[in-house]
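Engineer:
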Amino acid sequence: MILFEWGTYNALSTLRQAALLGTRITEIPPAVLARRMSPDYYENYREIGERYFTKIIAHGPYYNITSERGLRAHLTAIERATIAGAKIYNYHLGRRIGAGDLNVHLEILKKFNEINSEMIYSPEPATNPEEEFGTLDEIEELVKAAREEGIKITPSLQLENIFLSELKVYETGDFIEASDKADAKWWLNILERMDKISEDIVHLRFSQVVGIKFGDRFYKKRMPLGMGYPPFEPLAEALSTYFVNNSMAEVVK
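For the sequence shown, the working numbering gives the first residue as 633, with consecutive numbering after it.
1) Report yes if the C-beta distance between L653 and P693 is below 7 Å; otherwise report no.
2) Between the alpha carbons of R656 and H706, how many angstroms are there, rounded?
3) With distances taken between CB atoms, is the gap from I829 to E773 smaller than 7 Å?
4) Kindly indicate which three-state DSSP category R854 falls into: helix, strand or coil?
5) Do you know whose CA, among F795, I783, K742 and M669, lies nearest K852's CA?
6) Given a cut-off of 7 Å, decide if T767 and H835 are closer than it, judged by their beta-carbon atoms.
7) Taking the alpha-carbon positions, what's the V801 to A810 distance?
8) Look at the alpha carbon of W818 and the alpha carbon of L799, and state the distance between them as a whole number of angstroms.
9) So, are the CB atoms of M718 and A690 less than 7 Å apart?
10) Check I747 in the structure and name its three-state DSSP category.
11) Going by DSSP, which residues form a beta bridge with E756?
12) Report buried or exposed for N760, applying the criterion of at least 16 other Cβ atoms within 10 angstroms of its Cβ.
13) Please report how far the alpha carbon of A713 lies from the alpha carbon of Y721, in whole angstroms.
14) I'd like the span of the alpha helix (DSSP H) that includes S797, first residue to last.
15) Between the Cα of V842 and the Cα atoms of F807, I822, L867 and I833, which residue gives the shortest distance?
16) Taking the alpha carbon of E770 as the reference point, which residue from M751, L734, E700 and F636 has its own alpha carbon closest?
17) Within 10 angstroms of the Cβ of K743, are there 16 or more other Cβ atoms? Answer buried if so, exposed if not.
18) Is the beta carbon of M633 closer than 7 Å to that of I822?
19) Provide the residue span of the beta strand (DSSP E) that contains I833, from first to last.
20) Mark R776 as exposed unless 16 or more other C-beta atoms lie within 10 angstroms of its C-beta, in which case mark it buried.
21) Is it buried or exposed for F765, if we count other Cβ within 10 angstroms and need 16 for buried?
22) Is the distance from the Cβ of R727 to the Cβ of E763 below 7 Å?
Okay, structure coming up:
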C-alpha cells in the first residue's frame with residue numbers, strides 16, 4: 633500500500649467537513665494529543681473517523697523524545713491515539729545525544745510497543761542531521777533493529793526533509809544548487825531505496841519549503857505548492873515511475 637498524504641490534520645470539530653471535501657485520510661494533530669481531553673473526545677474521533685475515512689493516523693507532539701518529559705508525553709499521546717483509532721503514529725526522532733543514539737531510539741520504540749503493539753510507528757527523517765538523529769542510513773538501521781524486536785515500523789518519508797538533509801541544504805542554504813541535483817533520477821533512487829525497508833505500506837509526505845542559514849542554524853518554512861523548494865516537477869516524474877513500477881510488481885506477484 634502506498635500512502636501519500638499532506639495537509640490532513642483534523643481535530644474532532646473538522647472531521648465531518650473534511651469528509652464532505654472528499655478527504656480519505658485524517659491525521660490527529662500534535663496539539664490534540666498533547667492536550668488533556670476527556671476520553672469521550674478520542675472515542676468520538678474514532679467513531680466518526682472510522683465511518684468516513686479509510687485511514688486514521690496520528691502525529692506525535694513536538695517534544696524532544698529523548699528527554700524524560702518528552703518520552704512521557706509521547707507515551708501518553710500513543711494511548712490517546714489508540715483510543716482515537718489511529719493505526720500509524722508519526723513522530724520526530726529529535727536531537728542527537730551522542731554515542732548510542734541508535735540503541736536509545738530502539739529502547740524508546742520498545743516502550744512505544746508496550747503501549748500498543750499493533751500500531752505502526754513511523755519516524756521522520758531529520759532536516760539537519762548534524763543536530764538531529766535521522767539520516768536515511770540511521771533510519772534504515774533503526775527499522776532493521778526494530779523489526780528484529782517484532783515492532784511494526786515504517787519510515788515516514790518527509791520528502792522535503794530528505795532533500796534538505798541528503799543534499800546538505802542545511803549546511804549551504806543553497807536551494808538552487810540542490811534543486812539542480814534533485815532530478816527525477818535522484819528522487820527515484822531515494823524512493824526505491826526506501827521502498828526496500830517499507831513493508832506493507834510506503835508512507836510519503838511532501839510540502840515545499842524555503843529557508844535561511846543564520847549563523848550555525850538553519851530555519852525552514854513551509855510554503856504553498858509552487859512557491860518553494862524542491863521543485864515538484866522532477867519529483868512528480870519520479871513518483872509516477874515509482875507508482876507504475878510498484879503497481880506492475882504487484883500484478884506480477
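Built from N, CA and C at the ideal position, the CB exists for glycine as well.
Structural biologist: The structure says:
1) no
2) 25 Å
3) no
4) strand
5) F795
6) no
7) 7 Å
8) 11 Å
9) The residue asked about is misnamed: residue 718 is Ala in this sequence, not Met. Cβ atoms of A718 and A690: closer than 7 Å.
10) helix
11) H724
12) buried
13) 8 Å
14) L791 to E798
15) F807
16) L734
17) exposed
18) no
19) Neither: I833 is in no beta strand (DSSP E) and is coded neither H nor E.
20) As written in the sequence, residue 776 is Lys, which differs from the Arg given in the question. Looking at its Cβ environment, which holds fewer than 16 other Cβ atoms inside 10 Å, K776 is exposed.
21) buried
22) yes
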